[in-house]
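Data first, discussion second: the structure below is written as structure tokens.
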Amino acid sequence: MQAGDDKVVFEGEDGNAGYASPALDLIATAFLLALSVTVLVASLRLPVPGGLTTAPGLLPFLTALSLAGMAVLLGISAIMRQREGTPMWEAQGRDIREDGRSIIIVVAVAIYIAGLQALAFQYYFNIGSIPMVLSAFEPVTIVALSAIIHIFWRGPLWITALVSTGWTLTLSLVFQKVFNIPLPGGF
Amino acid sequence: MLETMYLLFSPWLLIMTLSGVCLGIIWGALPGLSTTMAMGLLIGLSAGMSQDASICFMLGVYTGSVFGGAISAVLINIPGTPDAVPTMIEGHQLAQRGEGGQALGMAIAASFVGGTVGIILLITLIPVILTFALNFRSWEMFWLAVIGILVSGSMAAGTMPLKGWIAGWLGMLVAFVGLESIHAVPRFTFGSFALFDGISYVAVLIGLFGLAEIFRTLPSKDVVAIPDTVGRIIPPFRMLAKFTPSAIRSGVLGTVIGAIPGAGANVASFLAYDIGRRRAKPEEKAKWGKGSYEALVCAETANNANIGGSMLPTLALGIPGNAAAAALLAALTLKNVSVGPTIEIDHPGLIYFIYGALFIANVMMYLAAFALIGPCVKLFSLPRGILMPLIIPVCVIGAYSVKLSIFDVWIMFGAGLAGWLFALFKFPVAPVVLGVILAPLADENLRRSLFVFEDKTWGFIASQWIGTLLMLFVLLVVVEGILRAMRADRETSSEALEKGV
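Those sequence lines, one after another, are chains C and U. To convert, note that position 37 of the first sequence is 491 in the working numbering; the numbers rise steadily by one, no gaps. To convert, note that position 325 of the second sequence is 583 in the working numbering; the numbers rise steadily by one, no gaps.
If you want it as structure tokens, here you go:
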């Protein structure tokens, strides 16, 4: 969004949306075409218990067909922009190191979720007369959070560990005791 | 109605509303955390609440987070939410002149007025729309759903509506997974029982708006200058009275924009900001962009009035006005509340409850905002490297809590990855959510209406005038989108020529 003296340019909910480099749009086109063809074939293979008008694959088929059409238009627009002089791979002010850090966080979150799934356990105990549950959520979250904060903040380790532990225990208590919501990492 | 009011003023519901408002304000104030993200993530928290508490809490979050964006916009020149950009342009200039507190005070008052105008218009217009909407049958509902997705795509993707429509269509494909509603045939499940129940749209919502935002913003570096003092916050009454006409005009505008699917609070605030500038007196117009209180009032009134506006199609038609309203719809669905033309028949009294809850949330926002400015300033000093990772377990719990399924957590992760790729490939994400939510409505109603039309002539179908009008509207949206894209293409080409490429 920009405000100028004479003109205000509006953008929608997603300020980032719009033209990408022709190469990226062509990659998107190829993916969308492949997806459309897969859905078209899969929807044709669906059983038709009633007539064609109530066929379960009717709207998926129409959606995939129109998606394929839109993908072709996207591809054509990318090729036309490239022919008009737009470089095939626009840098768009991207920071390669930032993209690398994005991949690190994606992998870290995947490992965190896999950890919750693979190490699931549940242990019941009492603090005074209050029944408590300890599951894989607490240890796995503390370790995962500490690692992620350490990678992206690089502050003193004791603060990292303290923040991770404090936040995990707060979430655990609030969700389990106040809202009665079981946490992942248990059974 | 009295019973509803009595219920709304029960201590527990007041606490829930206040908690929602406070969480919303803090969330909205933190740079990078949007209203939709707040709404999406906190659905998980609302899952453990009763229906009434959940509605009060979510409406509180919605009201609070829309305002919250103004705090960081004025004080640290970073809009907490996208709709706070005009507030940032004006408010930060005022803050640099030492009037940050007063600018925030005006923003709070304007937000309150905007919220009130939005609620009043919601209460006034909803009976009219409901009376009209009761005539809608399957054919009309199908076209309404298609309109919702198309308009959202058109509004969200700026100069390239095609990308918005593709995003909406992808959302529809996601929603087709699972047992379909008429014959209970499993679609695109590939033999996986976990997919029989479909893909949880709460998980998709959290992934697209929560996790994707973390993937996108956590790796970027932040340098934030924190102000030492905020100054006097409560603005003089004379100043408030001076801008009342602008506030009411922007409030009406914000409500109308909010009622258009896909047109979020940011479109409302910028449109009101621009119209305000055109209609301002010359001496005030000269201040526009350099720290104008009137400009600030226009933007803040419009984005808060947008809340009431977005509730209009959400409650009356079941078509969310924006992605945040879609999250609210998801929270309502979790509590077995189905909104739409028959809301008054299916859930008598609920609509009055929602009006009341919105009013209370708006008043609480006004009071809590003054109290929370100080703590928010302290929170700004928290490094992004600490703040953003803390949201990851909230995303995980939010996705897990709906069906207590780790599979949904993986869905959320997949949606987050997709959201990150969407940003990389410059596709909007809001239409995906509209697609996911509206596809089942479109699917069921299309097949029902085609079944009814099986032996009928084309003339009979065309005589269903509301459906025909809606069909023409769909064509209009598509043609407008194509024309807009062609105009943008021409501008891009002429810019390239000017650069001598």
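Each residue gets a CB set at the ideal place from its N, CA and C atoms; glycine is no exception.
Check your understanding: Mind checking whether Val-332 (chain U) and Asn-562 (chain U) have CB atoms under 8 Å apart?
Key -> For the purposes of this step, residue 332 (chain U) is taken as the residue at position 74 of the second sequence. For the purposes of this step, residue 562 (chain U) is taken as the residue at position 304 of the second sequence. No, the pair does not count as a contact, with Cβ atoms beyond the cut-off.
Review point. In three-state DSSP terms, what is Pro-444 (chain U)?
Key: Sequence index remark: in the second sequence, residue 444 (chain U) carries index 186 (1-based). Looking at Pro-444 (chain U) - three-state DSSP - the assignment turns out to be strand.
Review point. Listing by chain order, which chain U residues have their CB less than 9 Å from the CB of Pro-501 (chain C)?
Key: In the first sequence, the residue the question calls residue 501 (chain C) occupies position 47. The contacting residues are His-441 and Val-443.
Review point. By DSSP, does Met-744 (chain U) sit in helix, in strand, or in coil?
Key: Walking along the second sequence from the start, residue 744 (chain U) turns up at place 486. Looking at Met-744 (chain U) - three-state DSSP - the assignment turns out to be helix.
Practice item. Mind the definition here: the segment 521-538 of chain U touches the segment 462-481 of chain U only if three or more C-beta pairs lie below 8 Å; say whether that holds. Key: Touching, no.
Check your understanding: Using Cβ-Cβ distances below 8 Å, what residues of the segment 502-515 of chain C are close to chain U?
Key -> From the segment 502-515 of chain C, only Pro-503, Gly-504, Gly-505, Thr-507, Thr-508, Ala-509, Pro-510, Gly-511, Leu-512, Leu-513 and Pro-514 have a Cβ closer than 8 Å to chain U.
Practice item. Decide if the segment 610-620 of chain C is in contact with the segment 575-587 of chain U; the criterion is three or more beta carbon pairs, one per stretch, under 8 Å apart. Key: With a cut-off of 8 Å, the segment 575-587 of chain U and the segment 610-620 of chain C do not count as touching, because too few Cβ pairs lie within range.
Point to revise | Local Cβ density within 10 Å of Gln-354 (chain U), reported as buried at 16 or more and exposed below that | key: The sequence position of residue 354 (chain U) within the second sequence is 96, counting from 1. Per the 10 Å Cβ criterion, exposed.
**Study point:** Below-8 Å beta-carbon distance, Leu-317 (chain U) vs any chain C residue
**Key:** Translated into positions along the second sequence, residue 317 (chain U) becomes position 59. Residue contact check for Leu-317 (chain U) against chain C: no CB pair falls below 8 Å.
Exercise for review: Would you please verify whether the beta carbon of Lys-500 (chain U) is less than 8 Å from any beta carbon of chain C?
Suggested key: Counting from one through the second sequence, the residue named residue 500 (chain U) turns up at place 242. The beta carbon of Lys-500 (chain U) does not come within 8 Å of any beta carbon belonging to chain C, so the residue lies off that interface.
Check your understanding: Can you name the residues that DSSP bridges to Ser-323 (chain U)?
Key -> Your numbering for residue 323 (chain U) matches position 65 in the second sequence. Per DSSP, none; premise fails for Ser-323 (chain U).
Review point. For the beta strand (DSSP E) that contains Gln-576 (chain C), what are its first and last residues?
Key: Taking the first residue of the first sequence as 1, we reach residue 576 (chain C) at position 122. Its beta strand (DSSP E) spans residues 576-581.
Review point. Is the beta carbon of Asn-703 (chain U) less than 8 Å from the beta carbon of Ile-377 (chain U)?
Key: Sequence index remark: in the second sequence, residue 703 (chain U) carries index 445 (1-based). Sequence index remark: in the second sequence, residue 377 (chain U) carries index 119 (1-based). Contact flag unset, no.
Exercise for review: Starting from the N-terminal side, write out each stretch of the alpha helix (DSSP H) that is 4 residues or longer and does not extend beyond the segment 394-464 of chain U.
Suggested key: Within the segment 394-464 of chain U, the runs of alpha helix (DSSP H) that reach at least 4 residues and sit entirely inside it are, in chain order, 396-414, 419-433 and 459-464.
Review point. Mind checking if Pro-503 (chain U) is an interface residue toward chain C, Cβ cutoff 8 Å exclusive?
Key: Position 245 of the second sequence, counting from 1, holds the residue named residue 503 (chain U). Pro-503 (chain U) has a beta carbon lying at 8 Å or more from every beta carbon in chain C.
Practice item. Figure out for me which residue from U:Ala-697, U:Lys-714 and U:Ile-740 has the closest Cα to the Cα of Tyr-459 (chain U). Key: The residue labelled residue 459 (chain U) in the question sits at position 201 within the second sequence. Selected option, being the one with the closest Cα: U:Ala-697.
**Study point:** Whole-angstrom distance between Met-297 (chain U) and Phe-267 (chain U), CA atom to CA atom
**Key:** Along the second sequence, one-based indexing puts residue 267 (chain U) at 9. Along the second sequence, one-based indexing puts residue 297 (chain U) at 39. Going from the Cα of Phe-267 (chain U) to the Cα of Met-297 (chain U) covers about 23 Å.
Check your understanding: Name the chain C residues that come within less than 7 Å of Asp-701 (chain U), Cβ to Cβ?
Key -> For the purposes of this step, residue 701 (chain U) is taken as residue 443 along the second sequence, with counting starting at 1. Simply Leu-513.
Practice item. Reducing DSSP to helix, strand and coil, say where Ser-618 (chain C) ends up. Key: The count along the first sequence starts at 1 and reaches residue 618 (chain C) at position 164. In the structure shown, Ser-618 (chain C) adopts helical secondary structure according to DSSP, grouped into three states.
Review point. Where does the unbroken alpha helix (DSSP H) through Gln-279 (chain U) begin, and where does it stop?
Key: Translated into positions along the second sequence, residue 279 (chain U) becomes position 21. In the sequence under discussion, the amino acid at residue 279 (chain U) is Val, which differs from the Gln named in the question. Counting along the chain, the alpha helix (DSSP H) containing Val-279 (chain U) begins and ends at 269-287.
Point to revise | chain C contacts from the segment 650-662 of chain U (Cβ-Cβ distance under 9 Å) | key: Listed in chain order, the positions of the segment 650-662 of chain U with a beta carbon within less than 9 Å of a beta carbon of chain C are Ile-650, Pro-651, Val-652, Cys-653, Val-654, Ile-655, Ala-657, Tyr-658, Ser-659 and Leu-662.
Review point. In three-state terms, what does DSSP make of Val-587 (chain C)?
Key: Within the first sequence, the letter at position 133 stands for residue 587 (chain C). DSSP places Val-587 (chain C) in strand when its eight states are reduced to three.
Exercise for review: Look up Phe-390 (chain U) in the DSSP assignment and say whether it is helix, strand or coil.
Suggested key: Position 132 of the second sequence, counting from 1, holds the residue named residue 390 (chain U). Assignment of Phe-390 (chain U) by DSSP, reduced to helix, strand and coil, places it in the helix class.
**Study point:** Ile-669 (chain U) at chain C interface by Cβ criterion, 8 Å
**Key:** The sequence position of residue 669 (chain U) within the second sequence is 411, counting from 1. By the rule that beta-carbons nearer than 8 Å mark a contact, Ile-669 (chain U) does not touch chain C.
Exercise for review: Apply the 10 Å Cβ neighbour rule to Gly-607 (chain U) and answer buried if 16 or more other Cβ atoms are within range, or exposed otherwise.
Suggested key: Locating residue 607 (chain U) in the second sequence gives position 349, counting from the first residue. So Gly-607 (chain U) ends up on the exposed side.
**Study point:** Residue range of the alpha helix (DSSP H) that includes Trp-668 (chain U)
**Key:** Locating residue 668 (chain U) in the second sequence gives position 410, where the first residue counts as 1. Taken as a continuous stretch (DSSP letters only), the alpha helix (DSSP H) holding Trp-668 (chain U) covers 664-682.
Review point. Taking the alpha helix (DSSP H) that Trp-716 (chain U) falls in, what are its first and last residues?
Key: In the second sequence, counting from the first residue as 1, residue 716 (chain U) sits at position 458. Unbroken alpha helix (DSSP H) run through Trp-716 (chain U): 716-720.
Review point. Is the shortest distance between the beta-carbon of Phe-683 (chain U) and the beta-carbons of chain C less than 8 Å?
Key: What you label residue 683 (chain U) is simply residue 425 of the second sequence in a count that begins at 1. With 8 Å as the cut-off, Phe-683 (chain U) counts as an interface residue toward chain C.
Exercise for review: Measuring only between beta-carbons, confirm whether Leu-599 (chain C) sits less than 8 Å from chain U.
Suggested key: Numbered from 1 along the first sequence, position 145 holds the residue referred to as residue 599 (chain C). With 8 Å as the cut-off, Leu-599 (chain C) counts as an interface residue toward chain U.
**Study point:** C-beta neighbour in chain U for Glu-552 (chain C), strict 8 Å
**Key:** Counting from one through the first sequence, the residue named residue 552 (chain C) turns up at place 98. Yes, Glu-552 (chain C) counts as interfacial toward chain U.
Exercise for review: Have a look at U:Ala-328, U:Ser-707 and U:Pro-599 and flag the residue whose alpha-carbon is nearest the alpha-carbon of Pro-635 (chain U).
Suggested key: Along the second sequence, one-based indexing puts residue 635 (chain U) at 377. Before going further, note that residue 635 (chain U) is Val rather than Pro in the sequence given. The shortest Cα separation from Val-635 (chain U) among U:Ala-328, U:Ser-707 and U:Pro-599 belongs to U:Ala-328.
Point to revise | Candidates U:Ala-505, U:Leu-300, U:Phe-680 and U:Ser-292: closest to Ser-277 (chain U) by CA position | key: Residue 277 (chain U) sits at position 19 when you count from the first residue of the second sequence. Among U:Ala-505, U:Leu-300, U:Phe-680 and U:Ser-292, the Cα nearest to that of Ser-277 (chain U) is on U:Leu-300.
Review point. Candidates U:Ala-368, U:Arg-642, U:Glu-712 and U:Leu-645: which alpha carbon is nearest Ile-492 (chain U)'s?
Key: Here residue 492 (chain U) refers to the residue found at position 234 of the second sequence. Of the listed residues, the one whose Cα sits closest to Ile-492 (chain U) is U:Ala-368.
**Study point:** Minimum length 4: unbroken alpha helix (DSSP H) runs contained in the segment 505-538 of chain C
**Key:** Within the segment 505-538 of chain C, the complete alpha helix (DSSP H) runs of at least 4 residues are 512-537.
Exercise for review: With a 10 Å radius around its C-beta and 16 neighbouring C-beta atoms as the bar for buried, classify Leu-271 (chain U) as buried or exposed.
Suggested key: In the second sequence, counting from the first residue as 1, residue 271 (chain U) sits at position 13. Buried, by the Cβ-count rule.
Review point. So Ala-422 (chain C) and Leu-570 (chain C) are in contact, right, with Cβ under 8 Å, and what is the actual spacing, rounded?
Key: Given that chain C is displayed from residue 455 to residue 641, the structure contains no residue 422 (chain C) and the question cannot be resolved.
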